[in-house]
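Residue numbers (the numbering used here): 305 to 548.
Glycine included, every Cβ here is placed at the ideal spot set by N, Cα and C.
Predicted model only: the values in this text are computed from it and were never measured.
Only one structure is covered here, and it is reproduced in the block below.
Rendered as structure tokens:
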């Protein structure tokens with residue numbers, strides 16, 4: 305999908321390729337995301353979407369091609385440097401400090417970009433938005449997996465990034481936590497761009513607007529969620545019997 309003429313994309317890749325020896329995990333992918341756009345990235349296991357996510361987030365340095373955020377290259381500069389430019393990153397496995405309280409974790413994320421009282425304010429706001437204000441004093445290492453996911457999500461949004469990248473955010477959550485996450489993603493999308501990589505198709509149906517489908521390392525098809533989920537090619541390579 306190309307950006308609207310006159311409005312440069314917020315995030316863009318061109319010819320993005322990631323090779324591991326003779327294996328091409330991401331193959332010549334061109335991808336464009338507008339300001340305040342929500343994009344879901346789906347595909348079968350081994351399709352290349354997780355490798356694509358790791359390239360976007362600086363966990364991997366691409367073999368070829370470009371990645372730009374607001375027109376500046378971010379390819380291979382590392383996750384911390386990308387985050388400092390205004391990108392919030394949530395990986396599959398919660399990246400939290402088990403020995404600290406939930407609130408201390410979120411505050412540490414907020415204070416990187418906001419001083420003193422502003423960091424406190426952003427911490428409180430992020431925890432309230434995610435729905436974890438009541439467990440702020442609990443040690444993260446003692447929390448259930450879904451609660452840890454929510455703590456990390458609060459850490460991601462506390463610095464108020466322009467772009468949020470989420471890798472399987474619903475994994476391990478209870479139905480109630482997923483409901484809260486759906487509402488939160490919709491609310492965040494009013495003022496933030498998001499890229500969500502996810503396996504759970506029920507979750508995708510609830511949040512998606514535009515969907516990019518990966519297959520064999522390349523973009524198979526891209527478009528409106530309703531069109532994508534009724535696409536025969538997508539059913540064949542990804543949904544299979546579930547769609548039928």
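If you follow the beta strand (DSSP E) that residue 394 is part of, which residue opens it and which one closes it? 391-394
DSSP on residue 458, reduced to helix/strand/coil? helix
Could you tell me whether the Cβ atoms of residue 333 and residue 523 are closer together than 8 Å? yes
For residue 352, the nearest candidate out of 372, 336, 390 and 324 (CA to CA): 324
Close-in-space but distant-in-sequence residues of the same chain around residue 306 (CB under 7 Å, 5 per side omitted): Residue placement at residue 306 is flagged as unreliable, the pLDDT there being 43, under the threshold of 50; the coordinate-derived value follows with that caveat. Correct list, in chain order: 336.
Shortest alpha-carbon distance to residue 471 belongs to which of 350, 440, 361 and 449? 361
At least three beta-carbon pairs within less than 8 Å, the region 417-434 to the region 454-473: yes
Okay, do the region 400-418 and the region 364-383 touch, 3+ Cβ pairs below 8 Å being the bar? no
Euclidean distance between Cα positions of residue 380 and residue 532: One C-alpha to the other measures close to 31 Å.
How big is the Cα-Cα spacing for residue 311 and residue 331? Distance between the alpha carbons of residue 311 and residue 331: 27 Å.
Which one or two residues does DSSP pair with residue 468 in a beta bridge? 392 and 498
How many Å lie between residue 401 and residue 447 at the Cα? 12 Å
Give every residue of the same chain whose Cβ lies closer than 7 Å to the Cβ of residue 482, excluding the five residues on either side of it in the sequence, and list them in chain order. If we look at residue 482 and ignore the five residues flanking it on each side, its Cβ neighbours are 474 and 507.
Using the three-state DSSP reduction, which class does residue 514 fall into: helix, strand or coil? In the structure shown, residue 514 sits in a strand (DSSP, three-state: E or B).
From residue 545 to residue 449, what distance separates their C-alpha atoms? Only weak support is given to the placement of residue 545: the predicted model assigns it a pLDDT of 45, under 50, and the value that follows is read from those uncertain coordinates. Inter-residue distance for residue 545 and residue 449 is about 30 Å (C-alpha atoms, whole angstroms).
Please determine, among 423, 484 and 317, the residue with the shortest C-alpha to C-alpha distance to residue 357. 317
Where residue 535 falls, given that 16 or more other Cβ within 10 Å makes a residue buried: buried
Which of helix, strand or coil DSSP assigns to residue 329: strand
Residue 445 and residue 476 look like a contact to me (Cβ under 8 Å); what is the Cβ gap, rounded to whole Å? Not a contact, Cβ separation roughly 16 Å.
What would DSSP say about residue 317, mapped onto helix, strand or coil? strand
Exposed unless 16 or more other CB atoms sit within 10 angstroms - verdict on residue 491: exposed
Pick from 349, 327 and 314 that is closest to residue 341, judged by C-alpha positions: Taking residue 341 as reference, the option from 349, 327 and 314 with the minimal CA-CA separation is 314.
Residue 513: buried (16+ other C-beta within 10 angstroms of its C-beta) or exposed? Only exposed fits residue 513, as fewer than 16 other CB atoms lie within 10 angstroms of its CB.
Between residue 393 and residue 387, which are expected to be in contact by the criterion C-beta below 8 Å, what is the C-beta distance as a whole number of angstroms? 6 Å
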